[in-house]
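Counting in our numbering, the final residue of the sequence shown is number 675, and the numbers go up one at a time with none missing.
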Amino acid sequence: MIENDSSNTALISFGIYLLGVFILAWLSSRVRQKKEFVGEYFLGSRNLGLWAFALTFAATSASGGSFMGFPSLIYTHGWVLALWIASYMVVPIVGMGLLGKRMNRLARQSNAVTIPDLIKARFNSDTVGMISTLLVLFFMFFYLLAQFKAGSKIMTTLLQDVVVYQTAITFVSHAIDGLPWVGGAEPDYVLCLLVFSVSVIIYTAFGGFRAVVWTDVMQGIVMGLGVVILLILTLSQVGGLKNATEQLKEMTPPVSGTGIISLNEEQPEDITLPKGSWLRLPNNGVARLAEMVIIKKESTQSEAKLLKITTPAEIKKIDPTKFNFEIITTFKANEINGYGNGRKGVYVSAPGPHPENKDGFLNIWVAVSFFFFWAFGTAGQPSNMVRLMAFNGTNVLRKAILSISIYFTVIYLLLVIIFCCGRILLPGMEIDSDRIMPELAATVTSNAGVPWLAGLLLAAPFAAVMSSVDSFLLMVSSSVVRDIYQNRINKNASENRLKKLSYLVTVVVGILAMLAVLNPPEYLQDLIVFATSGLAGCFLMPILLGLYWPDMNARGAIFGMLGGLGCHLSLYIIGYLTYGKFSAYQLFEFNPFIWSILISGLLSYFTSTASVKSEI
């Protein structure tokens, strides 16, 4: 937990950050007043220079998953995550090198503003354009939901001990009490969701693409600085990388289980044991509470979920949480079918520990699958593709490929180092590993005597989320305004009407996303993967073939997009029926994305070939 001094400085840092965001939106709106609205609002007049283009591409690709979900996996599974994320370094080469020049040229020739615009122009088909628009709207909304929640959760950690924030939570709690849909939500989450949503909706709506790009530049710098500072502080506190690696070699994975927590005598009132409390076990063992426990005043015991630490060196360093009463705790391990239990060295070698999978976290086929997933899946994202329509020259593209490759290599390699070391500084975070980034930032800055730095370090994951939300929000808005209204409903719409509609749609879509995550879906991280792989599976092959193969036609594009969609949804449906939860069925250990692009590519090719032959 962040101490009060750190929280206050974090609040100041966050306020300065938001102020900078709004200033950039205001400056962007002044630039836009002098230019044609649609092209400027959605593409920044296609004149992005090197650093604007490079950092907006990098910041959009590095979503909240990079700074929340990825560190969580590193902490849980160890050094093998370097192999898992390896192909992210070649994302710029694949995405920008393969698609960039041809896509930019076609967009300028056809005056395309959106990806559906571009597809419609290439295949000269309204049907293709409409199908692509609907696919963008469908998958992007899922992605928006996940990012809105991630941004709100980061703010909750950022502000949790600020006095003004605590007062506001009390007010929100009374305001939402008894309301349908939102009444059951946590008031701190609702408050942070409102602040985050209002901020991102306002500057995206009134700044447009140029505001998104300018803030992406700022956010890209914040992310880079935050990671470098966190690396320096973390390595200094674990005694260097060599010493950290030696300690990781001796670690064994903790064990999940249940236990009975007993009091020596009844208490005059209910006793609450906070989640994360450390409890002493018999024989000098130690376990951490994986959930909050309430022992009723008429009782002296309660069952609880526990995480037992198994590494002797860690057990010696952990002091049990002190209470005003004596506690006796028993522990019974869950049945373990995973990999790595009781085994040293699993955090520094493949396949990495896994609590459920007996083959470990990353076997060879999963590694191959993810290599293609990151490289080609990220390249197939419409939010990245639209940036390829906005740079102002081939020279910018070439330099950007090199710059972003270096940026990704540095960021992701350093993240692996940082959060492997995080295991040493913060044991037992498996109970809520998604919080390892903010918790580690607060811990190392406090240990170093510079708590004010926590604000900057916590701004890094927030910047990652915000840069993704603004891009996806603008993409959904452009699909409605450009692809549906201007191209199909009112082709002669005035600039003023398009301007007002763009503002309105951006605000409405943002509000809908906010309302949807007031009571968020249970499997939010799974929805991110679902949307990412779904978009790439539908769009990558039709667009790639359309840019490089003259005989690729509208019929092939339709079958390719719908085939990718059908394959993707089918594997998720089979996964649900097989596992009883929202999870993809990985045929032959391959991610559904691999099968989606394979089916999409084959259908695109053979359908187009058959169409050409029938015309001859």
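A virtual CB, placed ideally from N, CA and C, is assigned to each residue, including glycine.
Proximity of residue i and residue j at Cβ, strictly below 8 Å
i           : j           : result
residue 534 : residue 210 : no
residue 299 : residue 365 : no
residue 257 : residue 249 : no
residue 460 : residue 152 : yes
residue 619 : residue 600 : yes
residue 296 : residue 475 : no
residue 488 : residue 134 : yes
residue 663 : residue 606 : no
residue 654 : residue 646 : yes
residue 259 : residue 528 : yes
residue 329 : residue 291 : no
residue 400 : residue 314 : yes
residue 320 : residue 352 : yes
residue 261 : residue 246 : no
residue 439 : residue 205 : no
residue 47  : residue 468 : The structure shown does not extend to residue 47, since the chain is modelled only from 60 to 675, so the question has no answer here.
residue 403 : residue 308 : yes
Nearest-angstrom Cα separation, counted from residue j out to residue i
i           : j           : result
residue 348 : residue 282 : 32 Å
residue 99  : residue 407 : Model confidence at residue 99 stands at a pLDDT of 43, short of 50, so the residue's coordinates are unreliable; what they give is reported in the following sentence. Distance between the alpha carbons of residue 99 and residue 407 is about 49 Å.
residue 397 : residue 255 : 38 Å
residue 251 : residue 516 : 18 Å
residue 675 : residue 669 : At residue 675 the pLDDT is 48, less than 50, meaning the model places this residue with poor confidence; the figure from the coordinates comes in the next sentence. Each residue's Cα considered, the two are about 10 Å apart.
residue 323 : residue 128 : 41 Å
residue 182 : residue 191 : 12 Å
residue 560 : residue 548 : 13 Å
residue 563 : residue 194 : 21 Å
residue 631 : residue 617 : 21 Å
residue 470 : residue 341 : 43 Å
residue 650 : residue 586 : 14 Å
residue 592 : residue 598 : 10 Å
residue 480 : residue 486 : 10 Å
residue 582 : residue 641 : Note that residue 582 scores 48 on pLDDT, short of 50, meaning its location in the model is unreliable; the coordinates nonetheless yield the value given after this. Cα-Cα distance, rounded: 7 Å.
residue 412 : residue 418 : 9 Å
residue 184 : residue 505 : 59 Å
residue 56  : residue 388 : Past the edges of the chain, shown from 60 to 675, lies residue 56, and the structure says nothing about it.
residue 165 : residue 448 : 8 Å
residue 75  : residue 637 : 49 Å
residue 13  : residue 171 : Any question about residue 13 goes unanswered here, given that the chain covers just 60 to 675.
residue 222 : residue 131 : 29 Å
residue 125 : residue 430 : 16 Å
residue 199 : residue 590 : 7 Å
residue 495 : residue 213 : 11 Å
residue 311 : residue 232 : 42 Å
residue 492 : residue 158 : 36 Å
residue 160 : residue 238 : 52 Å
residue 456 : residue 337 : 53 Å
residue 97  : residue 85  : No answer about residue 97 holds up, because its pLDDT of 44 lies below 50 and its placement is not dependable.
residue 343 : residue 390 : 12 Å
residue 350 : residue 554 : 55 Å
The beta strand (DSSP E) enclosing residue i, as first and last residue numbers
i           : result
residue 318 : 314-322
residue 434 : It is not in any beta strand (DSSP E) - residue 434 carries neither H nor E in the DSSP assignment.
residue 361 : 360-367
residue 345 : 345-348
residue 354 : 352-354
residue 332 : 330-332
CB contact check: residue i to chain C, cutoff 8 Å
i           : result
residue 304 : As a matter of chain content, chain C is missing from the structure shown, which is built from one protein chain.
Beta-bridge partners of residue i, as assigned by DSSP
i           : result
residue 311 : DSSP lists no partner for residue 311.
residue 398 : 413
residue 734 : No information on residue 734 is available, as it lies outside the stretch 60 to 675 that the chain covers here.
residue 339 : 345
residue 386 : 322
Residue i - containing alpha helix (DSSP H), residue span
i           : result
residue 504 : 495-506
residue 574 : 554-575
residue 371 : 371-376
residue 637 : 613-638
- Message: Restricting to runs no shorter than 3 residues, where is the beta strand (DSSP E) found entirely within the segment 171-259?
- Response: none
- Identify every run of the alpha helix (DSSP H) within the segment 115-164, keeping only runs that are complete inside it and at least 4 residues long; order them along the chain. 129-136, 140-143
- Task: Go through the segment 443-486 residue by residue and report every complete run of the beta strand (DSSP E) that reaches 3 residues or more, in order.
- Result: none
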